[in-house]
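Undergrad: Mind looking over this structure? Questions follow.
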Amino acid sequence: STLESLSGLDGLERVGGTLEIDGNPMLADANMPSLVEVGEDFYWWGPDRLVDFHGLEGLEVVGDRILLQSDALSLTGLDNLRDAHDVVVQFSDNLVDLTGLGALTSINGLAVGECDGLWSTRGVSALEDVRWLYVVGNPSLREIDLPSLRAANELHIEDNPSLPVCEIDQLVEQLAAAGSFPSLRIA
233 STLESLSGLD
243 GLERVGGTLE
253 IDGNPMLADA
263 NMPSLVEVGE
273 DFYWWGPDRL
283 VDFHGLEGLE
293 VVGDRILLQS
303 DALSLTGLDN
313 LRDAHDVVVQ
323 FSDNLVDLTG
333 LGALTSINGL
343 AVGECDGLWS
353 TRGVSALEDV
363 RWLYVVGNPS
373 LREIDLPSLR
383 AANELHIEDN
393 PSLPVCEIDQ
403 LVEQLAAAGS
413 FPSLRIA
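The numbering used here numbers the first residue of the sequence shown as 233 and each following residue consecutively.
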């Protein structure tokens, strides 16, 4: 049997290790409003019936990787996530942008891949520093919108057939103006 709700976890405040939500196609909520910190990895594997990630507004810290693979329409609800090592959003075909990740300022890596409906990276508006940025395999992507990004070591932007080259050029110019000259892999 699969879960329809996480309402039984509404008092959970901290997880010392990994938290994994997986294989619950009837799950319609992310109801863990007291959750503030996951010490290691936080994996959310769909399929699910989420509209967004409301119920996770308390989450501020993920010690290592947060991986989101969901049928949600939005990442709203993760608005207070300010600290994570890596953020991976993949195979989330219903997302149109990354609204909900606006509190992140400095992370090791951001990967956005194989999200068929994604048209913009808008929503990661406070991100200033990232060691690596991978944007790969998003057929509808038309815009790279990371207005605060000032430092990156590596950019890997590949297989986004709707993305105009001027969007990549603008990002590279933005980084260069801030004194950051990342290694590039553009295809």
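We put the CB at the ideal spot given by N, CA and C, even for glycine.
Which complete beta strand (DSSP E) runs does the segment 299-348 hold, if anything under 3 residues is left out?
TA: You should have 315-322 and 338-345.
Undergrad: Going by the beta-carbon positions, is the gap between Thr234 and Met264 smaller than 7 Å?
TA: No, the pair does not count as a contact, with Cβ atoms beyond the cut-off.
Undergrad: Given a cut-off of 7 Å on the beta-carbon distance, is the pair Leu333 and Gly355 in contact?
TA: It is a contact, given that the beta carbons lie within the stated cut-off.
Undergrad: Decide if Arg246 is buried, meaning its Cβ has at least 16 other Cβ atoms within 10 Å, or exposed.
TA: Answer is exposed; the Cβ neighbour count stays below 16.
Undergrad: For Phe285, count the other beta carbons within 10 Å of its own beta carbon; 16 or more makes it buried, fewer makes it exposed. Which is it?
TA: It counts as buried.
Undergrad: Within the same chain, show all residues whose beta-carbon is closer than 6 Å to that of Glu346, passing over the 5 residues directly before and after it, in chain order.
TA: Correct list, in chain order: Gln322, Phe323 and Gly369.
Undergrad: What's the call for Phe413, buried or exposed, on a 16-neighbour Cβ count within 10 Å?
TA: The residue in question, Phe413, is exposed, as its Cβ has fewer than 16 Cβ neighbours within 10 Å.
Undergrad: Put Ser239 into one of helix, strand or coil per three-state DSSP.
TA: Note: Ser239 maps to helix in three-state DSSP.
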